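> Quick one: structure below, then a few questions.
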Amino acid sequence: MDGYHVALVIHLFTLVAAGSVSAIVHLAESRGSRAATIGEALPWHRISGSAARFFPIIIVLLFASGSYMVTAGGGWSWGTGWIDAGIVACVLLLGVGAFIGTRARRGAFAMKERASQPGGASAAPSHDPLISTLSWSNTGLAMSVVVVMTIKPELIDALGTLVAGMAIGIAYSVSRARGGAVSGEAAAG
Ligand code: HEM
1 MDGYHVALVI HLFTLVAAGS VSAIVHLAES RGSRAATIGE ALPWHRISGS
51 AARFFPIIIV LLFASGSYMV TAGGGWSWGT GWIDAGIVAC VLLLGVGAFI
101 GTRARRGAFA MKERASQPGG ASAAPSHDPL ISTLSWSNTG LAMSVVVVMT
151 IKPELIDALG TLVAGMAIGI AYSVSRARGG AVSGEAAAG
């Protein structure tokens, strides 16, 4: 196995890790947003925050292994459309991920403060739907990069695929939130 294929295996293993971390984050976010009290919500916030710390490492690894393949003579160059779309996606994933992380940490901090007051742990937690929406948008974006890397289209089609991936992620998040609201209303009678 040559260096190119070692890098490709690292690239794909990193993608498997991304899927695993993403599953943990989405599960914890979902449970946290359905918690009835701050005391119930905080452990889920801790889990999603700890798992999400791996995302920057994952993106750096994808970028580094991808860059190695570009320079290792696989026939690709920095001007190749689908490679450029991959780079755009990595920058977006990092930027949006940092925004989500900052917002989630602020929310968790406010809940911890509230929980430290008498009776605070049994108060209703605050929910931030933007976090879930952006989180699913990032998942849709990452999945669309898999499509782009496999089909290897021209830049314009590659960018269109990324936009479609994000739109599908956002639509999925909105439909989940609506489904949750409807079942909540039904449970309340
Ligand atoms: C979210 C980010 C990324 C994801 C999800 C991703 C996913 C993938 C997947 C699934 C493949 C296998 C495709 C195939 O063999 O047909 C692949 C291959 C590849 N990726 Fe990425 N990638 C990402 C970022 C990048 C970046 C930033 C670069 C370049 C700087 C890059 C360069 C490459 C190259 C050169 C290949 C090898 C293509 C081949 O040999 O057929 N990737 N990527």
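Just so you know, our numbering puts 89 at position 89 of the sequence shown, and the rest follows in order with no gaps.
Each residue gets a CB set at the ideal place from its N, CA and C atoms; glycine is no exception.
The structure displayed is predicted, hence computed values, not measured ones.
Check whether the Cβ of Phe63 lies closer than 7 Å to any heavy atom of ligand 1, and answer yes or no.
Yes - ligand 1 has a heavy atom lying nearer than 7 Å to the Cβ of Phe63.
> Can you give the Cα-Cα distance for Glu154 and Gly79, rounded to whole angstroms?
10 Å
> Helix, strand or coil for Arg53? Go by DSSP, reduced to three states.
coil
> By DSSP, does Ala23 sit in helix, in strand, or in coil?
helix
> Between which two residues does the alpha helix (DSSP H) carrying Thr133 extend?
129 to 151
> Are the CB atoms of Val70 and Ser77 nearer to each other than 8 Å?
Contact: yes.
> Quick check: what's the CA-CA separation for Ala108 versus Leu42?
Answer to the nearest angstrom: the Cα atoms are 7 Å apart.
> Mind reading off the beta-carbon distance from Ala72 to Ser48? Whole number of angstroms is fine, and I expect it under 8 Å.
Not confirmed; about 36 Å, so no contact.
> Just list the alpha helix (DSSP H) runs in the segment 42 to 124, keeping only unbroken ones of 4 residues or longer that don't cross its boundaries, in chain order.
Runs found: 54 to 71, 81 to 115.
> So what does DSSP say about Ser126, is it helix, strand or coil?
coil
> Could you have a look at Met1 and say whether DSSP puts it in helix, strand or coil?
coil
> Helix, strand or coil for Ala35, going by three-state DSSP, please let me know.
The answer is coil: DSSP assigns Ala35 none of H, G, I, E or B.
> Please determine, among Tyr4, Ser126, Pro56, the residue with the shortest C-alpha to C-alpha distance to Lys112.
Ser126
> Please state whether the Cβ-Cβ distance between Val190 and Ser137 is less than 8 Å.
Since the displayed the chain opens at 1 and closes at 189, residue 190 lies outside it and no answer follows.
> In its own chain, which residues sit with a C-beta less than 7 Å from the C-beta of Met149, not counting the 5 before and 5 after it?
Within the same chain, Cβ atoms closer than 7 Å to the Cβ of Met149 are found at Trp82, Gly86, the five residues on either side in sequence being excluded.
> Check whether the segment 13 to 32 touches the segment 48 to 63, counting contact only when three or more Cβ pairs, one atom from each stretch, lie closer than 8 Å.
yes
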